[in-house]
Every structure is written in C-alpha cells, then in structure tokens.
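Protein chains in written order, with the numbering used here: chain A, 1 to 512; chain B, 513 to 1024. Glycine residues also receive a C-beta, built at the ideal position from the N, C-alpha and C atoms. Here the structure is laid out as structure tokens; the discussion comes afterwards.
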C-alpha cells in the first residue's frame, strides 16, 4: 500500500514536470476551492434534466407556497423527469407490503401474527420471510455485487423473459441503472481517444458520463421522419467518420425503448445492430430500463438484445453485451429507492472482477433497492393471494399510460408548427417545434437557445416543466422538447389545455 | 448540446494526434474489453477491505454450507468491515418502526388505525406522518441534494451538537459517507499534480478515490507510539516535502475518530490542525462518521471540526471545511441503507452549485437512506413515548461496544510480539505484530506480504476475517492488521480464544 502511494505520487511528480502551466492553489487569495481550481472535467459536464429549467421550477414551487397570487397557475407540474410517484402514481401494494415487513421484522414475530395477518396477505408475509432469511438484516452491507438470492431471482427472470439461460454471477445489482452505466462506461474507456457511440437525441447521462471520464462521444442520429428509426447505414457512417479521425470506437449505446424519443426497435433492427457490432468489434450497451413500457405491444413488442443475440448464428455468440434495467420505470416507478441491475453477457471474467472491485469501493447497492429488484423480477403469479390486486394495479397503470401517451401526442400534433411521433414505448414525447424567427431573435437577446426560451416561457406561463431538446441533442437547426406523459389522468385535459393556451399565445406574440 | 459533443470529440482528435501509441481495440482478436484495453486508473485501484481476504472468507462461508467437515470452525466471523447488523446487532426499534410506516402508507389510513396502534407507538406514527407529508412518496426521486425537510433537521442537529448555526442549503444528503467523499475529492483535484493529504494508516476509500481521479496522495504518518497521535510537525513535513516536489497540496483528510486506528483527537490538536490548514491554505475534509463511537468520553470526548473552527479567532472564519457523517456507524449501524450527509462550511457557492450538478447525474440519494439520516439526527427525546426504549437500546449497544473494545485490546496485548493501542473511538483495533523472520520468508515464498500471510493463516484456522495492515498503509517494516470488535458479546470469549490459539500455533511454527 505504501509502495503504491509512493509510486503514484512519484508518477505525478514526473508527469507534472512535463506540463507548462502549474497553478498553485496556495499562492492565491480568497477561497482555495473555486471554479478556477476545481476539476475541469466536472466543470464541463452538462445535465439538463436537472438543469436551469428544473431549478427555476423548484423556485416557482417555493413561491407558490409563499405567495401564489403573482403566478398564473396553482401547481408546478414536473414533466422534466420520469418520476411517476411524484405525480401521485400509487405504488404497487404487494411490493410495499413486503418491503415494510423486511424493514420491521418485529411484525413477523409469532406474538404479532394475529394482528399482522389482518394487515398483510399471507404471500407478502411469506415473501418477506424468504427475503430476510437470505438477506439477514436490511441494515447490513451486502455482497458488493448484490445479495446472491436476489441475483438468482434476476437470472430466473431473464431466463423466463428470453428463453435463454442467465448466470447470477454475471449480474450486478446497482443503485438505479445510472450507477451501472457510469461504472461500465468508466471501465470501457481508456483515454481521450476512446469513443462510445451514443444516439442523438440521447439521455444526458451518457454525454455527462463521457465528459466526466474524458472520453469521446461518437454521435449517431436517430431518424425523426422514420419514427426515430435507426439504420445500419447511419451507424456505419458514424463509426467510419470517427475512426478516420483516430477515435478508438469501443462501444455502442442503444436506448430501447428510446429516451427521449420513445421508439421501440423491431427484432430485425436489433439483429442488424448486433451484426454491426460483431463486424466492427464494438461492445453493446443496451439501456433497457423501459422494457415494460410498451404501448403498441402487437406491432412493436419489446425484444431484449440478449434474447436476439442468443437467437443468432454461432459467429455472434461471443458478442460482448451489457444490459441495464431499473426499478424506477415500468409500472413500478420506484425511483426514490435507487434499484437496478445489469447483466454481463460474454464479458471477460477478469473485467467482471474489476467491476466487482470498483463496486466494492461504495461497499454495496442499498438493500432496499435490491429488495425492489427482487420484487420487480419476481412479482406475484397467477394463483397467489396477491395476484389479482397486483394484476389490476399494473394493468390500470399500463392502460392509463397508453391513453395519456396518445392524448399528449394528439395535443402536440394539433399545435401550430409542432409535429410529434407516437410513443411506442418509454415515458416521453419529443415533439419538434418550428419556431418563428422572431422567437429565435428574442431567445438570442436573452442569451438562451431558442428551445430553452420556449420551454422557459412554458414554465413561467403554465407551471409545466419540460426539458429543451438541446439538453438531449437534436439535428442542428431543429428544436424540440421532452415532456413526460405522467401527469395524473384526471388532470390531463387541463394539462393539455394549458399547453395549448401557452403555445397559441407564444405563436401570436412571435409569429413572423 | 450538439456543439458540446462535437467540441469534445474534436478535442479528443487533436489531443490524440499528439500521442505516440494508439491501440485500436478493433484490430485485436478475442474480447474487445479486457484488462489490457480497460481504463488504466480503474485497474490500478486497490481496495483491501473487500479484497483477497474477504473474497476467501466468502468462499469459506459457502463451503461451510456445503461441506463443513473439512473446516476447523463452524462460522466465518467477518471482522473485515464495520458491519454491525451482519453480526446480529439489533436495529433501533423506533427507527425501523418509522421506516416501515413510510414504506407502507396504507398502515396510516384511518381504517387501519385501531390495529396499527397496537403494533406501533404513537410517536412513530406521528413521525412517519410528518416525514411522508414532506417527502410525498419514498418511491419518488427527491431533490438531488436530499429532501429539504431532512436537511433542515440535519442543520438543527448540527446546531445542537456544536452550538453554532448550520444552514440546510450547505448540507448534501448522500448514499453513505463514501459517496460524499468521492464527489468532494473528485471536485477538489484538478490534475495529476493536485495533492490530498491522507493519514497513514488510512481508510482505503481515500487512496482508491485518489487513484481513480489520478491525483497525488500526500501521506502523513500517525504516531503509533503516541496512541496514533498527530502533531503539526508531521503535517508540516508532509506538505513541505510534497510541495518541494511540485505537488499542489489542496486538502487534508482527517479521520476522527480514526479508522483503522481508533484514536480520538483532543480539542487542542484539532485547533492546531485548523491553524495549519489556514496558514497553508488547505481545505479540510473531516471524516467524522464515528462521532458517537467514543469509548473514553471524559478523557477524549468528540469535538467536531466545525465547532472548534467556529470557536477560534476571526482569521479562521473563512477556513474551508467539509464534514462527513453516515448512518452506517454509531449505535445505529444501518450500513445496508446507504445513508449519510456532508456539510459544506465556508465553501464557495459556485462550488456548491457544481456539487449539486454532479449529484444530479445520479438523480438523488436513495430516500430510505435519507429517512435514516432524519432519524439519526432527530431521535426520540426525553418525554417521548419511545424514548425509554430508544435510550435503553442505544446505551446497551454503546456499553457493550466499550466492553468489547477493551477485551479485544487486552487479548491482543496478551499475545507474543503483539502491541495494541486502546480504541478511544470507532469500531476497530489496529494491533502491531512482530513477525518472526521465518514467517516473513514463508510469506515471500507464497508471494504474499507478511501481514497478508498472517491474516490468511488466521482466516483458514479460525474463520475470523481481518484485513492486513498493508491494506491501510503502515510504517515500512512494521506489520499490523485491522479487526472490528463487533462479534457478539456472548461469543466474544470464544472469539478471543480462537485468536489466541491461532497466534500461539503460528508463533510455534515460525518462531526464529
């Protein structure tokens, strides 16, 4: 250890002698730690989903509590992020019952059984007992990869979903999918010439993580006029251009169903992507957190990359793949719990050891998140006491999400100069707005991008917080925004109405 | 966003042209992602607390389940990490009651009140109601800094503890203290010449994080012969040497009470350290997660760095300080929940904005961890229905920890060639072992450090898993190990006995 310390320090000494500018914090006045002296990579990161718009929305929310008289709305509606329970989506009863029993094992004692069985169904009690037998206490650090029993259940879930075997040793439980993505990207990049292909538009976790690890994002564009489709041609163009410039392209991120774009890939399309990765020697990162948010299940069912890969010829059976999932999305929406997992397919065992090591620095994913992963992948089944209620709850959320997706797309498509693809999946719409030149000029005067100007106008007028397309990436010269379709269904007409009113008055003000 | 992407990519292109060796993953055969192509900084990280010893302990644990006949023990005792509930420490009843009610708000409905009031005391119900009113649902993402109400409660706790004001806006809730430490260190370093002072021995989170961000650890030594004391002289020597070599020393990590060393700093000593940091323009990182694990409270009470700083003259009132706390330690031991916070004292508001941005990439700390922070900082008080039970539970754990600390130190000091300082605080002892040359030779043959050889021998013989001193750093030529004193008190004599037996037979085998 000491040797390591000294060696590392020595390396630093040598390398810094080769640098031309040395700035000592200690020679300056005022604060030692400032935006001048802080880490430049951290400074360069952008993360719009929680950027200027949500910060302003938070301030308006506070103002509503103190002095609502000056605002034209009585509520801030947070459509900036897929956070269903913030917008009053009810949690799945069975999941919360089991989790609360694990939290308070006193309830499982014999002397409390009579009372507790009036509050809890027998299958929730039984599940909590099985979990606690395997976990010990939710207050103890678990294995850094996650609790073995839960990883076994995840493997069985994947097997049922795909029809192909899964090994619990290839599964890492994580604090939401984001943590897994960050760890894998960190490991996958070697230096500034390492490139990772990301879709445009993308979820900004990817660009932010690449900024932080100082690797090169290699953008490929989704085709808006073909329902945000993705062809091999575009992937090939993207990788060829990057390699011509000397970038070592190592991995391809696919978000399926898409975020912010909501498309769901066909099996054929997935095959094409796998062929591309195989031929180009590129690791696949499949962000599949919206795998149950599928609104046209007959036309566009969800196919996991793992399943499609396994169904292909022997030449593809070494293709390296990471697949990410989360408890935050689906019909569960347990975002605050920070639960998730990733599966490693055909990943070098030595790399999995490195992933274990890096996971162990944070000790373990939080156990409550792990429990929710168990419940998500292992819900009540037909015949279980809790199944009818579970099914009714999940179905109601699913159908309502589908209705709201359709309604919001209709609302957007009815607006002057706005076009919007349907959501085949996920929780978002990403409409394109043709902004008048006058609006673009006005935005320039405010020092804002035109889409931010529009979104900020919407927030100030309606209390609805969406995220400008520039936060996700968009074809130059086009303007978009991302909105969830999560507002409560009984308030949805009012929600759409306020967006229509705002858009009309915005266009009346700025129409060329 | 697009512009940012292109710019970043372009930078990479330019910079890589200046590099001599370019290795394309795509020109190789076999796996794309290997330990050859992975990120070299990740590869270089060491993390002994969950390294070779715990991995072997895990394997032995599995073997005990399958075929215990070949092992000399019936249980693996994990003393490698402070994980009290893994070793059957009972959680605080009130905390779990509140947490389980927050998890299952159905229990708070009027129709369930009669039943629930037989299972839960009124103050737990009332607390859960207040929390849920402020949180909404535990399933929703919260503010990235943590729930405002809980940050307000943390601020009040700090005020009560220190007698000086605390601002909730300066508090960030985190997933354990580790996450906060990693974020702050990442921000504090600028490049390879940025140095952060860390104690030797240290908790390996610090060296691992510095490895990951490619900054220079600047070691200072704790004085074992003076109860792991720390003088200004040693700090001065360390910073002077580093600066002479061109390192930009920016921060000083102090772990108080110490980990792995268990010392608790006097107020005078803390003043001296603050003076040093002020004069040398060094940011203070105070790792104070063991602040309630104080076993000689009259001789060595805990003083927070914030309190001591505030008590000093006006020239110190701009000293930058981060103070870290956790729900994993104390008498609570809620490790699996991953809860914690840090307070920013005199930190540039622009830096706090950067910390907010970086926190927002992971969306929020898990809400269950946040709830435990609320309970830890705001426990039942005299007059509350739950106070007598809370006090009895905390006192029992506290007294038992004190007894076990003393007993284990006595055990170690009774062994041939072993000396061990008392634990004034924390959960560990860090005895020094004088190993015979024969043992050092035998270790060499096995390709192990002598302390790893000893610890591995102990594990194989007794099932007790400790961590060799080389995992924490130690004076060259000395050998130590870290053991928690957390095994259950009713098994403690057996535990000590098995260590004694092992040590005797080890010494008989290798005595020079």
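Identity of the residues DSSP links to residue i by a beta bridge
| i | result |
| --- | --- |
| residue 223(A) | 229(A) |
| residue 195(A) | 216(A), 249(A) |
| residue 941(B) | 995(B) |
| residue 325(A) | 341(A) |
| residue 284(A) | 252(A), 321(A) |
| residue 419(A) | 432(A) |
| residue 78(A) | 465(A) |
| residue 567(B) | None; residue 567(B) has no bridge partner. |
| residue 294(A) | 425(A) |
| residue 697(B) | Bridge partners of residue 697(B): none, in fact. |
| residue 844(B) | Paired residue(s): none; residue 844(B) is not in a bridge. |
| residue 200(A) | 221(A) |
Below-8 Å beta-carbon distance, residue i vs any chain A residue
| i | result |
| --- | --- |
| residue 642(B) | no |
| residue 786(B) | no |
| residue 611(B) | yes |
| residue 631(B) | yes |
| residue 765(B) | no |
| residue 829(B) | no |
| residue 750(B) | no |
| residue 536(B) | Note that residue 536(B) has pLDDT 44, beneath the 50 cutoff, so the model's placement of it is unreliable and the number below is only indicative. So yes, residue 536(B) belongs to the interface. |
| residue 484(B) | The structure shown has nothing for residue 484(B), since chain B only spans 513 to 1024. |
| residue 880(B) | yes |
| residue 870(B) | yes |
Whole-angstrom C-beta distance between residue j and residue i, which should lie under 8 Å
| i | j | result |
| --- | --- | --- |
| residue 309(A) | residue 345(A) | 7 Å |
| residue 707(B) | residue 793(B) | Going by Cβ atoms, the distance from residue 707(B) to residue 793(B) rounds to 13 Å, so no, they are not a contact pair. |
| residue 964(B) | residue 980(B) | 4 Å |
| residue 805(B) | residue 939(B) | 6 Å |
| residue 936(B) | residue 808(B) | 5 Å |
| residue 860(B) | residue 41(A) | At roughly 18 Å, the Cβ-Cβ gap does not stay under 8 Å, so residue 860(B) and residue 41(A) are not in contact. |
| residue 836(B) | residue 852(B) | 7 Å |
| residue 526(A) | residue 694(B) | The structure shown does not extend to residue 526(A), since chain A is modelled only from 1 through 512, so no value can be given for it. |
Any chain B beta carbon closer than 8 Å to residue i
| i | result |
| --- | --- |
| residue 122(A) | no |
| residue 320(A) | yes |
| residue 436(A) | no |
| residue 141(A) | yes |
| residue 522(A) | Residue numbering for chain A in the displayed model covers 1 to 512; residue 522(A) lies beyond these limits and cannot be assessed. |
| residue 178(A) | yes |
| residue 138(A) | yes |
| residue 350(A) | yes |
| residue 496(A) | no |
| residue 484(A) | no |
| residue 386(A) | no |
| residue 335(A) | yes |
| residue 266(A) | no |
Opening and closing residue of the alpha helix (DSSP H) in which residue i lies
| i | result |
| --- | --- |
| residue 789(B) | 779-792 |
| residue 667(B) | 660-674 |
| residue 608(B) | 605-615 |
| residue 954(B) | 949-957 |
| residue 507(A) | 492-510 |
| residue 43(A) | 40-44 |
| residue 68(A) | Here residue 68(A) belongs to no alpha helix (DSSP H), and DSSP marks it neither H nor E. |
| residue 475(A) | Careful: residue 475(A) lies outside any alpha helix (DSSP H) and carries neither H nor E. |
Limits of the beta strand (DSSP E) - the one that residue i falls within
| i | result |
| --- | --- |
| residue 356(A) | Where residue 356(A) is concerned, there is no enclosing beta strand (DSSP E), although the alpha helix (DSSP H) it sits in stretches over 349-361. |
| residue 686(B) | 683-686 |
Heavy atom of the ligand COA within 7 Å of residue i beta-carbon
| i | result |
| --- | --- |
| residue 806(B) | This structure simply doesn't include the ligand COA, nor any ligand for that matter. |
Touching by the beta-carbon criterion (3+ pairs, under 8 Å), the stretch 215-230 of chain A and the stretch 246-261 of chain A: yes
Any 3 or more C-beta pairs closer than 8 Å across the stretch 428-448 of chain A and the stretch 462-481 of chain A: yes
At least 3 beta-carbon pairs within less than 8 Å: the stretch 896-905 of chain B vs the stretch 596-616 of chain B: yes
Stretch-stretch touch, CB-based, cutoff 8 Å, three pairs: the stretch 725-735 of chain B with the stretch 994-1008 of chain B: no
Cβ contact (3+ pairs, closer than 8 Å) linking the stretch 641-649 of chain B and the stretch 76-86 of chain A: yes
contact_flag[the stretch 170-186 of chain A, the stretch 364-379 of chain A] where n(CB pairs < 8 Å) is 3 or more: yes
The stretch 238-247 of chain A contacting the stretch 198-211 of chain A, beta-carbon criterion three pairs below 8 Å: no
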